[in-house]
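Peer 1:
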């Protein structure tokens with residue numbers, strides 16, 4: 024039997040992978056309903072973006088696979104490193120510090136139980 028999977032990707036999100044992983048660490052293997060409720064109450068900036076991505080993945084599962092949202096769970100959630108923008112901050116005596124603006128790629132895979 025082939026497992027049905029729905030995938031949603033969010034590329035080039037302007038939040039560092041470390042901050043996103045702090046939110047997504049608790050979601051892998053959990054039902055979608057739990058994840059949606061969890062993301063509503065988490066007071067961190069990536070929670071809103073992950074919530075929108077999860078909503079997109081659920082829509083993909085409903086439209087492409089005909090799955091009901093009650094049976095869906097997060098099979099895999101992956102946060103990869105995107106490109107880093109390098110900027111310079113002028114400092115005293117002609118020096119400059121490098122500021123690294125990190126970005127991320129997030130992939131959510133939903134499975135059906």
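In this note's numbering, the protein residues as written are 24 to 136. Note that beta-carbon positions come from the ideal geometry of N, C-alpha and C, so glycine has one too.
1. Closest by CA to residue 126, which one among 36, 32 and 27?
2. Following the continuous beta strand (DSSP E) through residue 131, name the residue where it begins and the one where it ends.
3. State the Cα-Cα distance for the pair residue 76 and residue 108, rounded to the nearest angstrom.
4. What is the residue span of the beta strand (DSSP E) that residue 67 lies within?
5. Starting from residue 40, trace the alpha helix (DSSP H) both ways and give me its first and last residue.
6. Compute the Euclidean distance between the alpha carbons of residue 56 and residue 34, then round it to the nearest angstrom.
7. Which two residues bound the contiguous beta strand (DSSP E) that contains residue 98?
Peer 2: Judging by the given coordinates:
1. 36
2. 127-135
3. 23 Å
4. Careful: residue 67 lies outside any beta strand (DSSP E) and carries neither H nor E.
5. 40-47
6. 24 Å
7. 95-104
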